[in-house]
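Each residue of the first sequence is one higher than the one before, counting from 113 in the numbering used here. Written below as structure tokens is the structure these notes are about.
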Amino acid sequence: MPRESKRALRERANRIFELLAEEYPDAECALRHRSPFELAVATILSAQTTDERVNMVTPELFGRYPDAHALAAADLAEVEEIIRSTGFYRNKARNIVGFAQALVEEHGGEVPRSMEALTALPGVGRKTANVILGNAFGIDEGIVVDTHVKRLSRRLGLTREENPEKIERDLMVLFPRERWTLLSHLLIFHGRRVCDARRPRCEACVVAGLCPSSRV
DNA sequence: ATCCCGAGGG
DNA sequence: CCCTCTGGAT
113 MPRESKRALR ERANRIFELL AEEYPDAECA LRHRSPFELA VATILSAQTT DERVNMVTPE
173 LFGRYPDAHA LAAADLAEVE EIIRSTGFYR NKARNIVGFA QALVEEHGGE VPRSMEALTA
233 LPGVGRKTAN VILGNAFGID EGIVVDTHVK RLSRRLGLTR EENPEKIERD LMVLFPRERW
293 TLLSHLLIFH GRRVCDARRP RCEACVVAGL CPSSRV
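Here it is, written out as structure tokens:
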């Protein structure tokens, strides 16, 4: 069995992207809020939880603290109480209030638009910054390689690498830049709902026909 | 029992 | 590099 050509691989990869985008039309806006501020805060809260859980607390959170100035002056204990169900709530409360304070003090209350400025802010690492840049500003800086993206990329035969940075490079070559951000969301959605670590449900998978690991 | 759209700190 | 922080889903 001959190895798949680069061209064939790229075509298969982008066909997978299109099928997943069709399957999960709301993947890109699951965390999209009214302003970059809301999106950034919601993204910080989303660490180690689901979008659904974050979306349950954001109405109350942004009802009380509609902008960076309000959140910067918030009472920590109150914020903790509101976001409790998202997990890591003490860290996250400290982070989003500190984030708001940094926005006010260093960026005039606005969310900055560069990877460097974002990752300098409390609670924002590379992954969170990537999501903020992609969803709030349409800037595709890179691909977030979390455990889902890693697992699915390998199962789908998009990479043979193990190292997340090498996986990211392979994916960046395979997909046009304007698909980088959405790709992460699609693989994460699919990883949670269908292609999980324990028992992948190939019979319910829309890209099973394009997947070398599929059992069907 | 185990895993998760992570970041910060020792 | 390894640890901690948390709740919820499965």
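All residues carry an ideal CB built from backbone N, CA and C; glycine is no exception. All values reported here derive from a predicted model rather than from experimental measurement.
Check, Outcome
"Cβ shell of Arg-165 (< 7 Å), same chain only, five flanking positions each side left out", "Ser-197, Thr-198"
"Thr-162 (DSSP reduced to helix, strand or coil)", "coil"
"Cys-323 - DSSP class collapsed to helix/strand/coil", "coil"
"Contact the stretch 145–159 vs the stretch 246–263: 3+ CB pairs below 8 Å", "yes"
"Cβ shell of Val-306 (< 6 Å), same chain only, five flanking positions each side left out", "Arg-313, Ala-316, Cys-317"
"contact_flag[the stretch 285–297, the stretch 254–263] where n(CB pairs < 8 Å) is 3 or more", "yes"
"Asp-282, enclosing alpha helix (DSSP H) - first and last residue", "276–286"
"At least three beta-carbon pairs within less than 8 Å, the stretch 212–231 to the stretch 166–185", "yes"
"Ala-94 versus Thr-231, Arg-304, Gln-160, Glu-172, residue with shortest Cα-Cα distance", "This structure cannot speak to residue 94, because the chain is shown only from 113 to 328."
"CA-to-CA distance, Pro-224 to Lys-239, given in whole angstroms", "15 Å"
"Nearest candidate by alpha-carbon position, reference Gln-160, set Ser-147, Glu-253, Tyr-201, Pro-234", "Tyr-201"
"Cβ-based burial, Thr-162 [other Cβ within 10 Å; buried from 16]", "exposed"
"Reference Glu-290, options Ser-326, Asp-252, Leu-188, closest by Cα", "Asp-252"
"Glu-253 - DSSP class collapsed to helix/strand/coil", "coil"
"The alpha helix (DSSP H) enclosing Ser-226, as first and last residue numbers", "From DSSP, Ser-226 is part of no alpha helix (DSSP H); its letter is neither H nor E."
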